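Visitor: Chains as they are written, first to last, in my numbering: chain C, 934 to 1196; chain A, -6 to 287.
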Amino acid sequence: MLELHNVEVTYSDVILALKGVSLSLREGQCVALLGGNGAGKSTILKAISGTLKSEDGKVSAGAITLEGTPIHNLEASEVVRRGLIHVMEGRRVLRHMTAEQNLIVGGHMVPDRAELKRRLDHVYTLMPRLANLKSRTAGFMSGGEQQLLLIGRAMMARPKIIAIDEPSLGLAPLMIHDVYEVLSRLKEEGTTFFLVEQNSAAGLGLADYAYVLENGRVVLDGRADKLAQNEDVKEFYLGVTASGERKSYRQVKHYRRRKRWLG
Amino acid sequence: MIYVINDIITGALIGLLYALVAMGFVVIYRASKVFNFAQGELVILGGFIVWYTTFELGLDLWLAIPLSLLLSALAGYLIERIFLTKLIGESVFSMVMVTVGLLILLRGIVLLLFGPAVRPFPVIFPLKPLFLGEMLIPMNLLIGGLITVVAAVGLSWFFNRTRAGLRMTAVAEDHVVASSMGISVKGSIAFAWVLGAVLSTVGAMIFLSGKSLTFLASEIGFAALPVALFAGLESIGGLILAGVIVGVAQSLATNYLDPLVGGALGTVVPYLIMLGILLIRPTGLFGWRTIERV
């Protein structure tokens, strides 16, 4: 459904952020991208959704195809029309608009009012908390509520793929649970996800397949349940050692050397 | 006492005219975050288009007015496409500097096309004032005030209730987020310039009806500036209140304070109000306040 073939991304014609990334996403699948800061996870989502240009970035080599059609040179608005929505990190709600106005903007391409209403009802059924906050100015909602609103706003467009960036970032554990429950229900409904997460435990819990990125390259990939059992993944991203003990500073240095080697 | 009431009414109606021109500022600012310094020149351009269609082409007003609005919409669209569309995503400073350049360029174009002579402007709204008892209400300003209120209500409804308007409001909030939702940022900004140019032409019709058309008319752009900043650059409804306050204050200052201080205070008062409100509320009365989660 969505494929990246040897994609390279350059910022300002100088910084090579992705160094030949290849990956694929099938219909109905949830694929997670894991990795530390600066690994290139968010860059992949921006390359897919056409929002790289706003940061002076471009796909300098390779190809991205959605259902066989190249999309890497398209404007962001055109990518959305083809069925891919990017939920950006940083909870970028439209702060001065109400929650419901945010949702209506999300469904701005819906042809008729009755369908728009049906989609609103679907969002409110899935996230009753939003129904109670529909008149609230989005900027004054809590972090978790804003994250739910962003998911709802993406749902309004009924996209083929939702590419969601760091949905758990900065949220309390209870709120992360709520957000992932909604994502899980959407997955059950057949939504296809591209999920970027630093919270690897949460990401691997939802995903069917995962790619691990280091320094702009895919260093590891496989079924999410298998990766969750991988010793390196457990050590690097889940913070669990074989003995379950905390790492000393010496161990951390060793761990960084091994990561560099892997990358 | 009746003189004071008449001055207040006239001031309020002039303030509504400022609000109409300021609406052009606000519509363009909301879409592009660009403060258009050439707004007064758009009024002049609109004025010359009306003059051209009525006096040069000799069309009747019922035909000349819609044609003028159409031509000014086209001018607004072309200005955006030629000078601004390529700057989307660049720094706001670059775009603002382009509007300063546009100010000079539009003056040059109008001068080149129509020459420097003072032109007559058609009488579009009745010149005879309306008398209500001892109250005297300038008819053209009264009709202009009603047009301003209707335009403000209509645009507020458009931006807050319709999907096309909400799309433009989303663009006003965040270009990147808007485009990530499939909204054409370029299309929204182009439409804002079309609206800004049309509003300026309507402003020119009210302001210049039955008067002379010269480059001095562009000063209304700067007169409208305090109203736009006072109301807040994102608020359309707020322009009505801000316009009335500024207009009344200016009228009273001109009629009652100027004779005491030897003149010019009436011209300064709107800017004093603007500075005062900006010191207290930097985003104006109804502008979007920064919402930061900490």
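Cβ atoms here follow ideal geometry from the backbone N, Cα and C, with glycine treated the same way. From a predicted model like this one, the values you see are computed outputs, not experimental measurements.
Let me know the secondary structure DSSP gives tyrosine 1182/C once reduced to three states.
Guide: Counting from 1 along the first sequence, the entry for residue 1182/C is found at position 249. Caution applies to tyrosine 1182/C, whose pLDDT of 48 falls short of 50 and renders its modelled position unreliable; the value that the coordinates give is listed next. Judged by DSSP in its simplified three-state form, tyrosine 1182/C adopts helix.
Visitor: Output, in sequence order along the chain, the residues in the stretch 1020 to 1041 of chain C whose CB is closer than 7 Å to any CB in chain A.
Guide: Met1021, Arg1025, Leu1027, Arg1028, His1029, Met1030, Gln1034, Ile1037, Val1038, Gly1039, His1041
Visitor: Using a Cβ distance threshold of 8 Å, determine whether the stretch 188 to 201 of chain A contacts the stretch 130 to 137 of chain A, with at least three qualifying pairs required.
Guide: yes
Visitor: Looking at serine 193/A and isoleucine 7/A, is the spacing between their C-beta atoms short of 8 Å?
Guide: For the purposes of this step, residue 7/A is taken as the residue at position 14 of the second sequence. For the purposes of this step, residue 193/A is taken as the residue at position 200 of the second sequence. Against a cut-off of 8 Å, the Cβ pair of serine 193/A and isoleucine 7/A comes out as no contact.
Visitor: Excluding the five sequence neighbours on either side, which residues of its own chain have a C-beta within less than 8 Å of the C-beta of methionine 1030/C, listed in chain order?
Guide: What you label residue 1030/C is simply residue 97 of the first sequence in a count that begins at 1. Contacts found: Val1038, Thr1070, Ala1071.
Visitor: Would you check if the distance between the CB atom of isoleucine 1199/C and the CB atom of arginine 1015/C is smaller than 8 Å?
Guide: The question about residue 1199/C has no answer here: the residues shown for chain C are numbered 934 through 1196.
Visitor: Could you tell me which chain C residues have their CB closer than 9 Å to the CB of arginine 160/A, listed as they occur along the chain?
Guide: The residue labelled residue 160/A in the question sits at position 167 within the second sequence. In chain order: Val1038, His1041.
Visitor: Grab the span of the beta strand (DSSP E) containing arginine 1156/C for me, first residue to last.
Guide: On the first sequence, residue 1156/C is found 223 positions in, with the first residue counted as 1. Taken as a continuous stretch (DSSP letters only), the beta strand (DSSP E) holding arginine 1156/C covers 1150 to 1156.
Visitor: Would DSSP call glycine 971/C helix, strand or coil?
Guide: If you number the first sequence from 1, residue 971/C lands on position 38. Correct three-state label for glycine 971/C: coil.
Visitor: Do valine 191/A and alanine 66/A count as a contact pair if the criterion is CB distance below 8 Å?
Guide: The residue labelled residue 66/A in the question sits at position 73 within the second sequence. The residue labelled residue 191/A in the question sits at position 198 within the second sequence. In this structure, valine 191/A lies closer than 8 Å to alanine 66/A by Cβ.
Visitor: Within 8 Å of any Cβ in chain C, is that where the Cβ of glutamate 73/A sits?
Guide: Start at 1 with the first residue of the second sequence, and residue 73/A comes out as number 80. Not an interface residue.
Visitor: Would you please state the rounded distance, in angstroms, between the beta carbons of alanine 980/C and valine 942/C? I believe it to be under 8 Å.
Guide: Looking up residue 980/C in the first sequence gives position 47. Looking up residue 942/C in the first sequence gives position 9. Yes, they are in contact, since the Cβ atoms of alanine 980/C and valine 942/C sit about 5 Å apart, within 8 Å.
Visitor: Compile a chain-ordered list of the residues in the stretch 996 to 1014 of chain C whose CB is closer than 9 Å to at least one CB of chain A.
Guide: From the stretch 996 to 1014 of chain C, only Glu1008, Ala1009, Ser1010, Glu1011, Val1012, Val1013, Arg1014 have a Cβ closer than 9 Å to chain A.
Visitor: The alpha helix (DSSP H) spanning asparagine 1065/C covers which residue range?
Guide: Residue mapping note: residue 1065/C aligns to position 132 of the first sequence, counting from 1. Membership of asparagine 1065/C in the alpha helix (DSSP H) is indicated by the continuous run 1061 to 1065.
Visitor: Could you check if glycine 269/A is buried or exposed, using at least 16 other CB atoms within 10 Å of its CB as the buried criterion?
Guide: On the second sequence, residue 269/A is found 276 positions in, with the first residue counted as 1. Residue environment for glycine 269/A: exposed (fewer than 16 other C-beta atoms within 10 angstroms of its C-beta).
Visitor: From leucine 958/C to threonine 998/C, what distance separates their C-alpha atoms?
Guide: Counting from one through the first sequence, the residue named residue 958/C turns up at place 25. Counting from one through the first sequence, the residue named residue 998/C turns up at place 65. Going from the Cα of leucine 958/C to the Cα of threonine 998/C covers about 11 Å.
Visitor: Between the C-alpha atoms of methionine 1219/C and glutamine 32/A, what's the straight-line distance to the nearest angstrom?
Guide: The structure shown does not extend to residue 1219/C, since chain C is modelled only from 934 through 1196, so no value can be given for it.
Visitor: Could one say the Cβ of threonine 984/C lies closer than 8 Å to chain A's Cβ atoms, at least one of them?
Guide: In the first sequence, the residue the question calls residue 984/C occupies position 51. Yes, because at least one Cβ of chain A sits closer than 8 Å to the Cβ of threonine 984/C.
Visitor: Could you name the residues of chain C that glutamate 212/A contacts, counting a contact when the two beta carbons are closer than 9 Å?
Guide: Position 219 of the second sequence, counted from the start, is the residue given in the question as residue 212/A. Chain C residues near glutamate 212/A: none, gap ~33 Å exceeds 9 Å.
Visitor: Between the C-alpha atoms of threonine 984/C and valine 940/C, what's the straight-line distance to the nearest angstrom?
Guide: Residue 984/C sits at position 51 when you count from the first residue of the first sequence. Residue 940/C sits at position 7 when you count from the first residue of the first sequence. If you take the alpha carbons of threonine 984/C and valine 940/C, they lie about 15 Å apart.
Visitor: Using the beta-carbon count (16 or more within 10 Å), is isoleucine 72/A buried or exposed?
Guide: Stepping through the second sequence from its first residue, residue 72/A is reached at position 79. The residue is buried, with at least 16 neighbouring Cβ atoms inside 10 Å.
Visitor: Measuring alpha carbon to alpha carbon, tell me which of Leu951/C, Ala950/C, Lys974/C, Lys952/C ends up nearest glutamate 1099/C.
Guide: Indexing the first sequence from 1 puts residue 1099/C at position 166. For glutamate 1099/C, the closest of Leu951/C, Ala950/C, Lys974/C, Lys952/C by C-alpha to C-alpha distance is Lys974/C.
Visitor: Is the Cβ of arginine 156/A closer than 8 Å to any Cβ of chain C?
Guide: As a first step, residue 156/A is located in the second sequence; it is residue number 163 there, counting from the start. Taking Cβ atoms only, chain C reaches closer than 8 Å to arginine 156/A, which makes this a yes.
Visitor: Taking only three categories from DSSP, how would you classify asparagine 939/C?
Guide: Within the first sequence, residue 939/C is the residue found at index 6, counting from 1. Correct three-state label for asparagine 939/C: strand.
Visitor: Does the stretch 231 to 239 of chain A come close enough to the stretch 151 to 165 of chain A that 3 or more CB-CB pairs lie under 8 Å?
Guide: no
Visitor: Output yes or no for whether 8 Å exceeds the beta carbon distance between glycine 1085/C and leucine 1063/C.
Guide: Taking the first residue of the first sequence as 1, we reach residue 1085/C at position 152. Taking the first residue of the first sequence as 1, we reach residue 1063/C at position 130. In this structure, leucine 1063/C lies closer than 8 Å to glycine 1085/C by Cβ.
Visitor: Any idea if histidine 1110/C is buried or exposed, counting beta-carbon neighbours within 10 angstroms, 16 or more meaning buried?
Guide: What you label residue 1110/C is simply residue 177 of the first sequence in a count that begins at 1. Counting Cβ neighbours within 10 Å, histidine 1110/C comes out exposed, since fewer than 16 surround it.
Visitor: By Cβ distance below 7 Å, which residues in the same chain neighbour leucine 272/A in space, the five residues on each side in sequence not counted?
Guide: As a position in the second sequence, residue 272/A is number 279, starting the count at 1. Cβ within range, chain order: n/a, list empty.
Visitor: Looking only at its chain, what residues have a beta carbon closer than 7 Å to the beta carbon of glutamate 963/C, apart from the 5 residues adjacent to it on each side?
Guide: For the purposes of this step, residue 963/C is taken as the residue at position 30 of the first sequence. Sequence inspection shows cysteine at residue 963/C; the glutamate mentioned does not correspond to that position. The answer, listed in chain order, is Lys1120, Phe1126, Leu1128, Leu1139, Ala1140, Asp1141.
Visitor: Could you spell out the range, first to last residue, of the beta strand (DSSP E) harbouring threonine 1125/C?
Guide: The residue labelled residue 1125/C in the question sits at position 192 within the first sequence. Start and end: 1125 to 1130.
Visitor: How close, in whole Å, do the beta carbons of methionine 161/A and phenylalanine 184/A come, if the pair is a contact with beta carbons under 8 Å?
Guide: In the second sequence, residue 161/A corresponds to position 168, counting from 1. In the second sequence, residue 184/A corresponds to position 191, counting from 1. Sure, about 7 Å apart at Cβ, within 8 Å.
Visitor: May I have the straight-line CA-CA distance separating valine 91/A from phenylalanine 76/A, to the nearest angstrom?
Guide: As a position in the second sequence, residue 91/A is number 98, starting the count at 1. As a position in the second sequence, residue 76/A is number 83, starting the count at 1. So the alpha carbons of these two residues sit roughly 7 Å apart.
Visitor: Would you kindly work out how many angstroms separate the C-alpha atoms of histidine 1055/C and methionine 1021/C, rounded to a whole number?
Guide: As a working mapping, residue 1055/C is identified with position 122 in the first sequence. As a working mapping, residue 1021/C is identified with position 88 in the first sequence. In a straight line, the C-alpha of histidine 1055/C is about 22 Å away from that of methionine 1021/C.
Visitor: How far does the beta strand (DSSP E) with tyrosine 1144/C in it extend, from its first residue to its last?
Guide: Numbered from its first residue, the first sequence carries residue 1144/C at position 211. Its beta strand (DSSP E) spans residues 1142 to 1147.
Visitor: Which residue marks the beginning of the beta strand (DSSP E) containing isoleucine 176/A, and which one marks its end?
Guide: On the second sequence, residue 176/A is found 183 positions in, with the first residue counted as 1. Note, isoleucine 176/A: premise wrong, no beta strand (DSSP E); not H, not E.
Visitor: Scan the stretch 1012 to 1062 of chain C and note each continuous alpha helix (DSSP H) run of 4 residues or more that stays entirely inside, going in chain order.
Guide: Qualifying alpha helix (DSSP H) stretches, in chain order: 1032 to 1039, 1046 to 1059.
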